[in-house]
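Under numbering that gives the first Met the number 0, the residue at position 71 of the sequence shown is numbered 70, and the numbers go up by one with no gaps.
Okay, so here's the structure we're looking at.
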Amino acid sequence: MKTHEIQLRVRYSETDQMGVVYHGNYLPYFEIGRVEWLRHHGVSYKWMEENGVGLPIATLTLNYKKPARYDELLTVRTTFRSQSSVKIDFDCEILNEQGQLLTTLYIMLVFVNFATGRPMAPPDYIREIIERVEGGV
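Spelled out as structure tokens, the structure:
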């Protein structure tokens with residue numbers, strides 16, 4: 000499955016005085032989506048890191064379309080886009096309860112060996128996930 004969805008409710012502490020989600024709070028929503036995409040495919044970030052693999056952000060492009068508001072139930076949609084030698088890319092969206100597109104994100108992450116701090120090829124378990132995803136399984 001290329002796409003995974005998770006729902007989150009906007010908390011009061013994530014908004015400004017007008018009840019609108021502060022722009023910096025969208026990144027944690029997208030991170031939750033990415034972490035849960037991997038978990039859905041059987042891998043946790045924690046386990047990956049304990050096994051010496053990091054996945055830091057190299058590039059992101061965030062586009063705000065409409066504001067998210069206090070107490071709205073948001074859907075965070077994370078879609079695998081591509082994987083190359085040391086990188087993995089995702090397209091992400093946040094939709095409100097009415098299905099309106101609020102925010103989009105393109106993100107590129109790089110596999111890094113914790114021991115060396117250098118980019119590395121994705122581990123076999125990630126390659127297996129990508130093969131399944133690209134095969135439509």
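Beta carbons are placed, not taken as given, at the ideal position from N, Cα and C, and that holds for glycine.
For residue j and residue i, the rounded distance between their alpha carbons
i: valine 52; j: tyrosine 11; result: 35 Å
i: arginine 68; j: threonine 115; result: 43 Å
i: isoleucine 56; j: methionine 17; result: 31 Å
i: glutamate 71; j: tyrosine 25; result: 14 Å
i: phenylalanine 113; j: tyrosine 44; result: 13 Å
i: proline 121; j: glutamine 97; result: 37 Å
i: phenylalanine 29; j: serine 84; result: 23 Å
i: valine 111; j: aspartate 123; result: 14 Å
i: leucine 73; j: glutamate 92; result: 10 Å
The ligand FAD heavy atom lying under 6 Å from the CB of residue i
i: arginine 126; result: Questions concerning the ligand FAD fall outside what the structure shown contains, since it holds no ligand whatsoever.
Counterpart residues of residue i in DSSP-defined beta bridges
i: aspartate 88; result: Ser81, Met107
i: histidine 22; result: Answer is none; histidine 22 lacks a bridge partner.
i: leucine 7; result: Leu73
i: asparagine 112; result: Val52, Arg117
i: leucine 94; result: Thr74, Leu100
i: arginine 68; result: Val19
Residue i - DSSP class collapsed to helix/strand/coil
i: tyrosine 63; result: strand
i: valine 34; result: helix
i: proline 27; result: helix
Pair within 7 Å by beta-carbon distance, residue i and residue j
i: lysine 64; j: leucine 7; result: no
i: isoleucine 128; j: histidine 40; result: yes
i: asparagine 50; j: threonine 103; result: no
i: isoleucine 5; j: valine 75; result: yes
i: phenylalanine 79; j: lysine 1; result: yes
i: methionine 119; j: threonine 58; result: no
i: valine 19; j: proline 66; result: yes
Cut-off 6 Å between Cβ atoms - residues of its own chain near residue i, not counting five sequence neighbours on either side
i: tyrosine 21; result: Asp15
i: isoleucine 87; result: Leu108
Residue-chain proximity (residue i, chain C), Cβ-Cβ < 7 Å
i: leucine 108; result: Given the protein chain composition of this structure (a single chain), no chain C is represented.
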